[in-house]
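Here's the structure we're looking at; comments come further down.
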Amino acid sequence: MRKKASASVSKKATIGRSKFFPLNESDKEGAVTRFKFLGALGAACLSLTAGVLAVAAYAPFHYTWLGLPAFLLGFFLIVRAESFKPAFLRAWLFALGLFAPGLYWTVRSMNEFGRLPMPLALLGLLLLAAFLALFWGAAAGLAARASKTLLARAFMLAAFLTLAEWLRGEGLADFAWLTPALALLDTSLEGLAPLGGAHLINFAFFTSLAALVVLLLGKSRARFWLLLIPVALKGLGFWGMTETWSEPAGRAEVRLIQAGLPVVDGWSKATAAERLNAVADLMKEPWPSGELPKLLLTPEGILTTDILRLKQADQEALIRFVDAAKGAPMLFNGFRRDEAGGWRNSSFFAEDGRLTVTDKRKLVPFGEFVPPGFRWFVDLLGIPLTDLTPGSMDQKNLVFGKNFRAGVLICYENIDGEVLRSFWKDPDGAPNLLLVTANLGWFHPMMIGQHLDMTRLLARASARPAASVNMGGFSAFVGPDGRVTALAKGSGKDVLTREVELRKGPETPFMRFGNAAALILAVLLALAAFMAGRAACRREAEGS
Numbered sequence: 001m002r003k004k005a006s007a008s009v010s011k012k013a014t015i016g017r018s019k020f021f022p023l024n025e026s027d028k029e030g031a032v033t034r035f036k037f038l039g040a041l042g043a044a045c046l047s048l049t050a051g052v053l054a055v056a057a058y059a060p061f062h063y064t065w066l067g068l069p070a071f072l073l074g075f076f077l078i079v080r081a082e083s084f085k086p087a088f089l090r091a092w093l094f095a096l097g098l099f100a101p102g103l104y105w106t107v108r109s110m111n112e113f114g115r116l117p118m119p120l121a122l123l124g125l126l127l128l129a130a131f132l133a134l135f136w137g138a139a140a141g142l143a144a145r146a147s148k149t150l151l152a153r154a155f156m157l158a159a160f161l162t163l164a165e166w167l168r169g170e171g172l173a174d175f176a177w178l179t180p181a182l183a184l185l186d187t188s189l190e191g192l193a194p195l196g197g198a199h200l201i202n203f204a205f206f207t208s209l210a211a212l213v214v215l216l217l218g219k220s221r222a223r224f225w226l227l228l229i230p231v232a233l234k235g236l237g238f239w240g241m242t243e244t245w246s247e248p249a250g251r252a253e254v255r256l257i258q259a260g261l262p263v264v265d266g267w268s269k270a271t272a273a274e275r276l277n278a279v280a281d282l283m284k285e286p287w288p289s290g291e292l293p294k295l296l297l298t299p300e301g302i303l304t305t306d307i308l309r310l311k312q313a314d315q316e317a318l319i320r321f322v323d324a325a326k327g328a329p330m331l332f333n334g335f336r337r338d339e340a341g342g343w344r345n346s347s348f349f350a351e352d353g354r355l356t357v358t359d360k361r362k363l364v365p366f367g368e369f370v371p372p373g374f375r376w377f378v379d380l381l382g383i384p385l386t387d388l389t390p391g392s393m394d395q396k397n398l399v400f401g402k403n404f405r406a407g408v409l410i411c412y413e414n415i416d417g418e419v420l421r422s423f424w425k426d427p428d429g430a431p432n433l434l435l436v437t438a439n440l441g442w443f444h445p446m447m448i449g450q451h452l453d454m455t456r457l458l459a460r461a462s463a464r465p466a467a468s469v470n471m472g473g474f475s476a477f478v479g480p481d482g483r484v485t486a487l488a489k490g491s492g493k494d495v496l497t498r499e500v501e502l503r504k505g506p507e508t509p510f511m512r513f514g515n516a517a518a519l520i521l522a523v524l525l526a527l528a529a530f531m532a533g534r535a536a537c538r539r540e541a542e543g544s
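If you use the UniProt record's numbering, the sequence shown corresponds to residues 1 to 544, in order.
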């Protein structure tokens, strides 16, 4: 009987024992440890899942009903973490879940054109997403470390995420793809774009999330005053949407030639004459009758050799190409060597026998310039012309028609407002129209909608219409309110002609002050949250 009793006690004593957490019935501390581990694991998995679901808010999906609540869930999970490590991990996992599927379009350039095996291409995607997610992780970890109360932690997180997104963009990394503002284009918060650009929208969004999370987690009914914050920010956005930021300046006939030419990579060959003749064939359509000034746009990537050193046959094809515009001023793209021997990605504007050159200012990492230490990776991909020289920020706007002006954005330059704001520094006058020319055939088609949304955001921020021509699909006209007014086919060749109302007027607050409003508000919010947290801790200490 004693042996049976002993065996029974031994069996009870090892109930709950596991390889990682040796527990017994009296080991309460171990049970708590295991419970915390499972809770942390669940929060980590939920954070990653929320990030993946948040992708739904962006193009090509635009399921804001799913994506925006996913942002709220991610914010909720991050704020619940009260120390640096769990906050960092949850924010990093959320951002990883957002960036990895959201940037899937990069896999095609590495696998199909760079000839990397699919496993290596996917690894490259994960490494890029993991790096970008560090900005979110650092913001969340620092917010948790610097604040001891729920309210302070939530609003400090909102402030730090605003600053992190700025650093991920023009502040440091220069890769602000999938910034939350792009998921909010069809909401009232887009009305903040003329006031402070993408980062003011981000600030308002993060601050609204902070208020909602404190309402959900807070214990005091007095916290319902926090509802005033998202309501006020939405109201400010509605006001920004109804405000007239520019006025009509005249009209012009603008034609977009969506050429549908294949990508020329390091392994394929195509003569300049073949590509120029193919595009010229699309330019034969007669213009609408009328006296309006005309403008013809062709996409980036038609010419892949030095335009100043073309062979005789290619030169003749270029002359026929320009003549096909039937006297209309036209914009086309190519490469050229500068006086120092460096390569530049340039747009050429032909009008009345004159050729005006605009050099690309903002270059794509890996595709157009080699980040330090990554020469081996670029050579492995076999991307041609990866050591380009950027153009200066003080280039002149183009002039066409009755003294109308246009600013040119080449491909990646529409990722933030840095190049856009330089157009307003031209002493001869600000643009009446934005021109975007791109060749996105290097990437998965899901990228095209994301690229178009960036153009929409800049059109809204500057209160200027935009004409966006893309080599492979969805060339579009965008109004000064950021709405797409005409859209070409999603793939292949197409020609889109529209009468565009040009705009003029004083610069919007964003054009004048840039990101200053968003950055100042973020710093002030962080200071206010820190002081509120300190005051709450003092009151708690005095009460005890």
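Don't be surprised by glycine CBs; every beta carbon is placed ideally from N, CA and C.
- Is it a yes or a no for the segment 256-265 touching the segment 287-306, going by three-plus beta-carbon pairs under 8 Å? The segment 256-265 makes contact with the segment 287-306: 3 or more CB pairs, one atom from each, lie closer than 8 Å.
- Look up Ile257 in the DSSP assignment and say whether it is helix, strand or coil. Here Ile257 carries a strand assignment [DSSP, helix/strand/coil].
- Query: Do you know whose CA, among Pro101, Ala44, Ser346, lies nearest Gly74's CA?
  - Reply: The shortest C-alpha separation from Gly74 is found at Ala44.
- the segment 121-137 / the segment 86-102 touching (three or more Cβ pairs under 8 Å): Counting Cβ pairs under 8 Å, three or more are found: they touch.
- Rounded straight-line distance, which links the Cα of Leu209 to that of Asp352: Going from the Cα of Asp352 to the Cα of Leu209 covers about 54 Å.
- Message: Below 8 Å on the Cβ atoms is my contact criterion, and I expect Phe203 with Ala522 to pass it. Report the Cβ-Cβ distance as a whole number of Å.
- Response: The Cβ separation is near 6 Å, so the contact holds.
- Ala183 beta carbon near the ligand FAD (any heavy atom closer than 7 Å): With respect to the ligand FAD, the structure offers nothing, as it holds no ligand at all.
- Does DSSP put Met447 in a helix, a strand or coil? In this structure, Met447 counts as helix in the three-state DSSP scheme.
- Task: State the Cα-Cα distance for the pair Ala56 and Val370, rounded to the nearest angstrom.
- Result: So the two alpha carbons sit approximately 32 Å from each other.
- Message: Please report the straight-line C-alpha distance between Leu226 and Ala176, rounded to a whole angstrom.
- Response: If you take the alpha carbons of Leu226 and Ala176, they lie about 29 Å apart.
- Task: Count the other C-beta atoms from every protein chain shown that fall within 10 angstroms of the C-beta of Phe238, then say buried if there are 16 or more, exposed otherwise.
- Result: Answer is exposed; the Cβ neighbour count stays below 16.
- Own chain, CB closer than 7 Å to Gly533, minus 5 neighbours either side, in chain order: Excluding the 5 residues flanking it on each side, Gly533 has same chain C-beta neighbours closer than 7 Å at Ser147, Lys148, Thr149, Ala152, in chain order.
- Item | C-alpha gap between residue 545 and Pro117, whole angstroms | A query on residue 545 cannot be resolved here, the shown segment of the chain reaching from 1 to 544 and no further.
- Arg456 vs Pro431 beta-carbon contact at 8 Å: Not closer than 8 Å, so no.
- Message: Between which two residues does the beta strand (DSSP E) holding Thr485 run?
- Response: Run containing Thr485: 484-487, per the beta strand (DSSP E) assignment.
- Query: To the nearest angstrom, how far is it from the Cα of Arg108 to the Cα of Ala528?
  - Reply: Straight-line Cα distance between these residues: approximately 45 Å.
- Taking Leu282 as the reference, give the member of Arg255, Leu182, Thr508 with the closest Cα. Per the Cα distances, Arg255.
- Query: Do Asp323 and Ala272 have their C-beta atoms within less than 8 Å of each other?
  - Reply: Not closer than 8 Å, so no.
- Task: Check whether the segment 160-175 touches the segment 52-67, counting contact only when three or more Cβ pairs, one atom from each stretch, lie closer than 8 Å.
- Result: With the rule of 3 Cβ pairs closer than 8 Å, the segment 160-175 does not count as touching the segment 52-67.
- Closer than 7 Å by C-beta to Val399: which residues in its own chain qualify, once you throw out the five before and the five after it? Chain order, please. Contacts found: Arg405.
- Selection from Arg503, Gly472, Glu540, Phe477 that minimises the alpha carbon distance to Ser491: For Ser491, the nearest C-alpha among the options comes from Gly472.
- Message: Under 8 Å, with one C-beta from each stretch per pair, do the segment 477-488 and the segment 154-173 reach the 3-pair mark?
- Response: Between the segment 477-488 and the segment 154-173 there are fewer than three C-beta pairs closer than 8 Å, too few to call the two in contact.
- Message: Taking the beta carbon of Phe224 as the centre, do at least 16 other beta carbons fall within 10 Å, making it buried, or is it exposed?
- Response: Counting Cβ neighbours within 10 Å, Phe224 comes out exposed, since fewer than 16 surround it.
- Task: Find the nearest neighbour of Arg469 within the set Arg344, Ala463, Arg80, Lys489, judged by alpha-carbon distance.
- Result: It should be noted that the sequence gives Val, not Arg, for residue 469. Selection Arg344, Ala463, Arg80, Lys489 evaluated against Val469 yields Lys489 as nearest (Cα-Cα).
- Message: Only counting the same chain, and skipping five residues up and downstream in sequence, which positions put a Cβ closer than 7 Å to that of Val52?
- Response: The residues are Gly97, Pro101.
- Message: Less than 8 Å between the beta carbons of Leu496 and Ala459, yes or no?
- Response: No, they are not a contact pair.
- Task: Give the straight-line distance between the Cα atoms of Glu368 and Pro390, rounded to the nearest whole angstrom.
- Result: Computed Cα separation, rounded: 9 Å.
- Query: At which residues does the alpha helix (DSSP H) containing Phe75 begin and terminate?
  - Reply: Here the alpha helix (DSSP H) through Phe75 covers 64-80.
- Thinking just about the alpha-carbon of each residue, which of Gly114, Tyr412, Glu418 is nearest to the one in Asp394? Nearest C-alpha to Asp394: Glu418.
- Message: Between Gly334 and Ile307, how many whole angstroms is the CB-CB distance? I'm expecting something under 8 Å.
- Response: Right, their Cβ atoms sit about 4 Å apart.
- Query: Going by alpha carbons, who is nearest to Thr187 out of Lys396, Ala158, Tyr58, Met110?
  - Reply: If we check each option's Cα against that of Thr187, Tyr58 comes out closest.
- Message: Report the start-end ranges of each alpha helix (DSSP H) in the segment 357-444 that is 4 residues or longer and not cut off at the edges.
- Response: The segment 357-444 contains these whole alpha helix (DSSP H) runs: 375-381, 417-422.
- Task: If I'm right that Leu331 touches Thr437 with Cβ under 8 Å, what's the distance once you round it to whole angstroms?
- Result: Yes, Leu331 and Thr437 are in contact; Cβ-Cβ is about 7 Å, under 8 Å.
- In terms of residues, what are the limits of the alpha helix (DSSP H) holding Ser208? Counting along the chain, Ser208 sits inside the alpha helix (DSSP H) bounded by residues 193-217.
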